[in-house]
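Asks: Dropping a structure here in structure tokens format, bear with me for questions.
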Amino acid sequence: MVTQIEDRPVEVLLVEDNPADARLAQDTIEQSSQEANITHAEDGEIALAILRKEGEYASAPRPDLILLDLRMPRKDGTEVLAELNADEDLVSIPVMLLTGTEAEASLLESYSIPPSRYARKPLQLEQFNRVLGALGLFSRQPIQIPTESEARQATAPEGRRRWWWPFG
10 MVTQIEDRPV EVLLVEDNPA DARLAQDTIE QSSQEANITH AEDGEIALAI
60 LRKEGEYASA PRPDLILLDL RMPRKDGTEV LAELNADEDL VSIPVMLLTG
110 TEAEASLLES YSIPPSRYAR KPLQLEQFNR VLGALGLFSR QPIQIPTESE
160 ARQATAPEGR RRWWWPFG
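Read in order, the letters of the sequence shown are residues 10 to 177 in the numbering used here.
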């Protein structure tokens, strides 16, 4: 768990390929009452290099939170999530998914992903503050978006898709 986050700036890794969306997210984070250091990655490959401290990113800080766009070139958000979940050094970092469409937001909701784990772009100040407030409560279980066939096979009693991690 993140400890004493109030006593230091929050380290945020913003993974967003669209410059306008990235700027809006950075502006929102800067408006927060919590001081934050923002590292921006333009795609999933750069994000993973930062997280793994590869090459020029050897001194990059470990983020307290990853804001991850779902749709990106080279390596999209779902591919990044899969790699984070497979890496025991990175799996504990909380991730907030950023979605650009109502359809993506509805899909995430259908998987019973808590609202504190995704946001519709552009990122709003109250969404970001809600995530910061919940940081100490995260169980740090990985986010896993099931494949289409897994999603079809796994439906909850109400007909909603199940989500495969215990999260309060």
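All C-beta atoms in this analysis are idealised placements derived from N, C-alpha and C, irrespective of residue type, glycine included.
Predicted model only: the values in this text are computed from it and were never measured.
1. Kindly list the residues whose CB is nearer than 6 angstroms to the CB of residue 81, restricted to its own chain and excluding five residues on each side of it in sequence; keep chain order.
2. With distance defined between alpha-carbon atoms, name the residue in 98, 135, 55 nearest to residue 64.
3. How should residue 73 be labelled, buried or exposed, when 16 other C-beta atoms within 10 angstroms of its C-beta is the threshold for buried?
4. Would you call residue 50 buried or exposed, if buried means 16 or more other Cβ atoms sit within 10 Å of its Cβ?
5. Spatial neighbours of residue 35 within its chain, please: C-beta separation below 8 angstroms, excluding the five flanking residues on both sides.
6. Pull up the CB-CB distance for residue 58 and residue 18, whole angstroms please, since I reckon it's below 8 angstroms.
7. Looking at the structure shown, is residue 20 part of a helix, part of a strand, or coil, going by DSSP?
Replies: Walking through what the data contain:
1. 26, 52, 53
2. Considering only alpha carbons, the answer is 55.
3. buried
4. With 16 or more other Cβ atoms within 10 Å, it is buried.
5. 23, 47, 49
6. Not really, about 22 angstroms apart at Cβ, beyond 8 angstroms.
7. strand
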